[in-house]
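Reviewing the structure listed below.
Protein chains in written order, with the working numbering: chain D, 1 to 289; chain G, 1001 to 1475.
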């Protein structure tokens, strides 16, 4: 089950990500590289909208692996995350067996075979023959007890199905877990992962992101946008603007045909950047001074 | 290498980071895959394997700086030992600067020339130049002497005072204004932010330089010990510095959000209520009258009503501020929250919080607008409680939990503790939160135990962690 390393070096990862329009900084590229070498999952934390999910998608695009996504929510359970028996089909099977005189143990053996197994994302990622990227999105939304479901997959890359035995991975998938940090994740989960915190990018990187992601934007406007956003982030806001909001704002300004932002235009479009009335008022006040 | 890593991890643990054995092994495995000469990559490799919470990152960075910066450059600091004010052989990094010559001969400059160079470097955002200036400024102004038992902040202060960065900022702004002709207010603000960030970078550079030299002087272990900074949750309310206060303010919002989520979850997933007989019978019809599927009532845990009575006199103001903020931020978990603040007079401040999105702003208004002074503006718990009883006692009901905040330093006024006894008979609970360490209680003019006998519980509440625990238990 050993998998050949996917990446040459840290700069190679960075270049690769850049080629799929994801601008990684040193830290992000380094952790992705290590995740591959150490064959460990990556736990990605950070404020909303800084490109956590995007990272996993970009890595899958870069490596050409299929992306398997498990969206977490409260009440997620085994049958949605790991596997489920297709009991309707099993019932049909039993009905059909009535005609013949098969013994119970024969039927039992029959209905608990792979044919009746419905794979869910985690098992699917493990069973895949081709390289895949597994994304467990917003893992902080499940209860602490449900986290335990993930542990076996994350540390040993295997799933135990009582009726079938253990299914081990034929290749080690790259695993990304994202968390918005609405609660502390358990120690057991954290211990099994590499940790990556993606923060708001610095001025240069944000400007680059804007230029690559927004077609037709001028250098000057991108520069101005990222500087205004940086200023706004320094205020004490309920929700500072995220990268995705910066991009939305940049697209808006391009659509409006604005080349140089002045205070009034900035104020008129602030609602794209900020989502709370009190934040908008505060930022508008600050920008005028 | 193994020894260094072991020492490093030891130090991380001492700084309060929970580093487990597996993480330790992972770190060792990880560094094998990283070219050791790449310091950044090395740092991220260690960070990703050892630090599992963003709150710990700062502590990690500090320890990392102390442990690994000097080991790379140990040789160049030996010259520093005699303390004759000579700058260390000006590193290769400065050579990379366009003005490599100027960087090397910096010690010959007059202070005016140095200031001019600083100005130029900041204007252009020239990193290498800034680094060289930071080194030179430390040598020149900090007056560092080997073995002198003062902290890095003292040296930092001395260096910064001599550089007069505020004046430099104004000069930079003037220059920017001239260059562009006329700046709009927006541009003006953006320029200022830009320069401020550059100055901040310079400050960090100076700080790092001082730290490097201190480490060279005292050794990494000793240095790491003095630099050990508590995590934001563990910062003592009463002794927090300005930076720590800012960190606390930033930490409190996510903390309350987490707590609110946790409490809401607890409420939803609490145990099932008693059997609902009617509903069970109703469902039994579909099983031919057999009650096969028992139905239960949804539990509706009562939400307590909270009255917070807080001392906001100078010594405990910060504590009151955070507690008010905390309680109001999760007010959805209570049926009602009312707050009162006092020094020697008392005033209800619930109105400041009503319909306000920004709790921090409301707390600020409390501190400036509430009418809390009766005679002289020194805490008088006795009088405040008496007034409270006179004016609001009718509104204290058996559903009310009363929370009193303060250090109970009464300036030798009458305690009037019977008031609390009275209130307790009416309220559901009376709790007292004291921001002082337990060992200080009942020393000097503190009379916390005199009040304590009338309370259902008296708790030490010195940091966010303790506060969070209390509020969680309450809801």
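Note that CB positions come from ideal geometry on N, CA and C, so glycine has one too.
Predicted, not measured: the structure shown is a model, and the values here were computed from it.
Classification of residue i by the beta-carbon crowding that lies within 10 angstroms, buried from 16 upward
i               : result
residue 88(D)   : exposed
residue 1298(G) : exposed
residue 1089(G) : The predicted model places residue 1089(G) with a pLDDT of 41, which falls under 50 and marks its position as unreliable; any figure quoted below should be read in that light. Exposed.
residue 1327(G) : buried
residue 1130(G) : buried
residue 256(D)  : exposed
residue 1071(G) : Caution applies to residue 1071(G), whose pLDDT of 49 falls short of 50 and renders its modelled position unreliable; the model cannot decide the point.
residue 1397(G) : exposed
residue 1464(G) : buried
residue 1073(G) : Here the model assigns residue 1073(G) a pLDDT of 44, short of 50, so the residue's position is not dependable, and the following value carries that caveat. With fewer than 16 other Cβ atoms within 10 Å, it is exposed.
residue 1403(G) : buried
residue 73(D)   : exposed
residue 1103(G) : Any reading at residue 1103(G) must be qualified, since the residue scores a pLDDT of 43, below 50, and its modelled position is unreliable; the value itself is stated next. Buried, since its Cβ has 16 or more Cβ neighbours within 10 Å.
residue 163(D)  : exposed
residue 1375(G) : exposed
residue 1187(G) : buried
residue 1101(G) : The predicted model places residue 1101(G) with a pLDDT of 40, which falls under 50 and marks its position as unreliable, so this point remains unresolved.
residue 220(D)  : exposed
residue 157(D)  : buried
residue 1364(G) : exposed
residue 353(D)  : The structure shown does not extend to residue 353(D), since chain D spans only 1 to 289, so no value can be given for it.
residue 266(D)  : buried
residue 249(D)  : buried
Bridge partners - residue i, DSSP secondary structure assignment
i               : result
residue 84(D)   : 118(D)
residue 69(D)   : 135(D)
residue 1482(G) : Here chain G comprises residues numbered 1001 to 1475, so residue 1482(G) is not present and cannot be evaluated.
residue 158(D)  : 168(D)
residue 1446(G) : 1409(G)
residue 197(D)  : 45(D)
residue 176(D)  : 42(D), 135(D)
residue 1275(G) : 1296(G)
Contacts of residue i in chain D (Cβ-Cβ under 8 Å)
i               : result
residue 1122(G) : Near residue 1122(G) there are no residues of chain D at all, since even the closest Cβ is about 16 Å away, more than 8 Å.
residue 1033(G) : 33, 34, 37, 38
residue 1029(G) : 38
residue 1193(G) : 227, 230, 231, 234
residue 1026(G) : 38, 40, 194
residue 1254(G) : 181
Test: residue i CB closer than 9 Å to a CB of chain B
i               : result
residue 1045(G) : Of the protein chains in the structure, D and G, none is chain B.
Chain-ordered chain G contacts of residue i [CB-CB under 7 Å]
i              : result
residue 268(D) : Within chain G, no residue comes near residue 268(D); the closest Cβ sits about 13 Å away, beyond 7 Å.
residue 179(D) : Residues of chain G passing the Cβ test: none, with the nearest at roughly 11 Å.
residue 191(D) : 1020, 1022, 1023
residue 287(D) : 1186, 1189
residue 10(D)  : 1041
Cross-chain neighbours of residue i in chain G, by beta carbon under 8 Å
i              : result
residue 182(D) : 1257, 1258, 1261
residue 26(D)  : 1040, 1041, 1044
residue 65(D)  : Simply none; closest approach about 21 Å.
residue 257(D) : Those do not exist, as residue 257(D) stays about 19 Å from chain G at its closest Cβ, beyond 8 Å.
residue 262(D) : 1184, 1186
residue 16(D)  : Near residue 16(D) there are no residues of chain G at all, since even the closest Cβ is about 16 Å away, more than 8 Å.
Boundaries of the beta strand (DSSP E) in which residue i is found, first to last residue
i               : result
residue 1339(G) : 1336 to 1342
residue 166(D)  : 165 to 168
residue 1311(G) : 1305 to 1311
residue 1217(G) : Note, residue 1217(G): premise wrong, no beta strand (DSSP E); alpha helix (DSSP H) at 1185 to 1218.
residue 1346(G) : 1346 to 1348
Neighbour list for residue i in chain G, Cβ cutoff strictly below 9 Å
i              : result
residue 186(D) : Near residue 186(D) there are no residues of chain G at all, since even the closest Cβ is about 11 Å away, more than 9 Å.
Partner residues on chain D for residue i, Cβ-Cβ distance less than 9 Å
i               : result
residue 1057(G) : 197
residue 1054(G) : 45, 46, 181, 195, 197, 199
residue 1049(G) : 34, 38, 40, 194, 195
Where the alpha helix (DSSP H) through residue i begins and ends
i               : result
residue 261(D)  : Premise fails: residue 261(D) is in no alpha helix (DSSP H) and is neither H nor E.
residue 55(D)   : 52 to 63
residue 208(D)  : 203 to 213
residue 1061(G) : 1057 to 1064
residue 228(D)  : 219 to 234
residue 1440(G) : Element bounds for residue 1440(G): n/a, residue is neither H nor E.
Proximity test, residue i beta-carbon vs the ligand PLP heavy atom, cut-off 8 Å
i               : result
residue 1462(G) : In the structure shown, the ligand PLP is absent, as is every other ligand, since no ligand is present at all.
Proximal chain D residues relative to residue i, where beta-carbon distance stays under 7 Å
i               : result
residue 1318(G) : Going along chain D, no residue has its Cβ under 7 Å from residue 1318(G), so there is no contact; the nearest lies around 16 Å.
Review point. Listed in chain order, which residues of the region 223 to 246 of chain D have Cβ atoms closer than 8 Å to some Cβ of chain G?
Key: For the region 223 to 246 of chain D, residues whose beta-carbon sits nearer than 8 Å to a beta-carbon of chain G comprise 224, 227, 228, 230, 231, 234, 236, 238.
Exercise for review: Could you please tell me which residues of the region 40 to 54 of chain D, in chain order, have their CB closer than 9 Å to any CB of chain G?
Suggested key: Here the close residues are 40, 42, 43, 45, 46.
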